[in-house]
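Below is one structure, written out as structure tokens; comments come after it.
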């Protein structure tokens with residue numbers, strides 16, 4: 301069977317990363333139960349609704365916002381989906397947290413989902429186009445809230461971002477900021493909504509995912525990005541993404557393989573955006589199975 305004939309059955313995942321957020325475009329992906337340190341916004345890129353579960357609750361909508369730390373499963377079999385994960389350190393993310401108001405899940409209309417998808421498409425080419433204020437305006441133009449971040453925590457975040465390998469103890473970080481360790485950990489949690497250790501794990505995982513399409517073994521990848529070993533890397537990936545690193549690697553390589561055989565076309569829903577997508581035949585090219593980097 302030719303690649304084009306099998307393409308519609310493939311699982312495809314692409315990642316676009318920037319400081320403070322990650323956009324995952326996917327086709328035919330379902331996950332295990334997992335949770336993120338950031339706020340997740342998942343959007344259907346076609347006429348079908350997404351399905352998610354959080355414990356005993358099930359949700360169906362064209363777009364879904366999942367609060368940070370909420371365990372969930374996502375089902376998008378034979379569907380094209382875009383997921384934006386906004387880190388707890390991204391400027392203005394507290395506005396979005398206040399909008400959610402401790403709801404585990406917020407269902408979005410098709411119109412809201414399409415507008416957010418356009419915003420994400422633009423951010424993939426122009427990262428500066430993504431900001432929380434614009435997201436809030438799409439969700440609720442009347443929402444108002446003020447937040448003033450602690451400059452010491454902002455300094456800590458910038459320092460972590462500057463580290464090639466995300467390995468630093470809370471004790472070392474507190475000394476850098478001239479704070480007691482307990483005070484630093486309290487400030488970090490109150491300002492970001494997540495603890496320092498979990499945030500470091502997320503940054504390690506983000507770096508490893510960025511390089512996962514390389515020829516390095518998973519063990520080399522894990523050690524190179526600050527994990528204790530490949531098992532630690534695997535556990536963290538399953539906990540935060542709901543899939544194993546080997547699955548992510550397979551999905552990304554399939555995506556690259558399909559892209560080599562693809563014709564560039566433009567999705568009819570988003571004809572005014574600058575982002576093209578790729579397909580492999582007349583049926584598949586009308587979807588968003590593979591995104592250009």
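Numbering (my numbering), first residue to last: 301 to 593. Think of the CB as a built atom: it goes at the ideal place given N, C-alpha and C, for glycine as much as any other residue.
Reduced DSSP secondary structure (H/G/I, E/B, other) of residue i
i: residue 407; result: strand
i: residue 315; result: strand
i: residue 520; result: helix
i: residue 453; result: helix
i: residue 428; result: helix
i: residue 479; result: coil
i: residue 489; result: helix
i: residue 528; result: coil
i: residue 507; result: helix
i: residue 436; result: helix
i: residue 545; result: helix
i: residue 412; result: helix
i: residue 568; result: Low confidence applies here, because residue 568 scores a pLDDT of 37, under 50, leaving its location unreliable; read the following figure in that light. Helix at residue 568.
i: residue 501; result: helix
i: residue 494; result: coil
i: residue 464; result: coil
i: residue 401; result: coil
i: residue 512; result: coil
i: residue 469; result: coil
Neighbourhood of residue i by C-beta, 8 Å cutoff - its chain only, sequence neighbours within 5 removed
i: residue 539; result: 334 and 335
i: residue 405; result: 352, 354, 357, 359, 364, 365, 366, 367, 370 and 372
i: residue 532; result: 522
i: residue 495; result: 485, 488 and 489
i: residue 456; result: 473, 476, 477, 484 and 488
i: residue 400; result: 339, 365, 367 and 406
Same chain, Cβ closer than 7 Å to residue i, five either side skipped, listed in chain order
i: residue 317; result: 506 and 510
i: residue 313; result: 324, 326, 329, 548, 551, 552 and 555
i: residue 534; result: 544 and 545
i: residue 378; result: 328
i: residue 469; result: none
Expected contact under 8 Å - CB spacing of residue i and residue j to nearest Å
i: residue 512; j: residue 545; result: 6 Å
i: residue 419; j: residue 429; result: 7 Å
i: residue 362; j: residue 408; result: 6 Å
i: residue 474; j: residue 480; result: 6 Å
i: residue 504; j: residue 541; result: Wrong, their Cβ atoms sit about 13 Å apart, outside the cutoff.
i: residue 452; j: residue 477; result: 5 Å
Same chain, Cβ closer than 6 Å to residue i, neighbours up to 5 away in sequence not counted
i: residue 502; result: 337
i: residue 518; result: 530 and 545
i: residue 384; result: 323, 341 and 420
i: residue 482; result: none
i: residue 349; result: 360, 361 and 362
i: residue 464; result: none
For residue i, the nearest candidate out of the options (CA to CA)
i: residue 386; options: 528, 499, 508 and 531; result: 499
i: residue 344; options: 490, 400 and 411; result: 411
i: residue 402; options: 348, 456, 493 and 389; result: 493
i: residue 319; options: 474, 475, 379 and 393; result: 393
i: residue 414; options: 382, 424, 390 and 458; result: 382
i: residue 458; options: 433, 417, 526 and 389; result: 389
i: residue 454; options: 374, 491, 434 and 339; result: 491
i: residue 450; options: 315, 391 and 321; result: 391
i: residue 315; options: 424, 375, 380 and 400; result: 424
CB contact check: residue i to chain C, cutoff 8 Å
i: residue 337; result: The structure shown has no chain C; it contains just one protein chain.
Could you pull out every unbroken beta strand (DSSP E) segment of at least 3 residues lying fully inside the segment 304-389, listed in chain order? 312-318, 321-330, 339-344, 350-354, 357-361, 363-366 and 373-386
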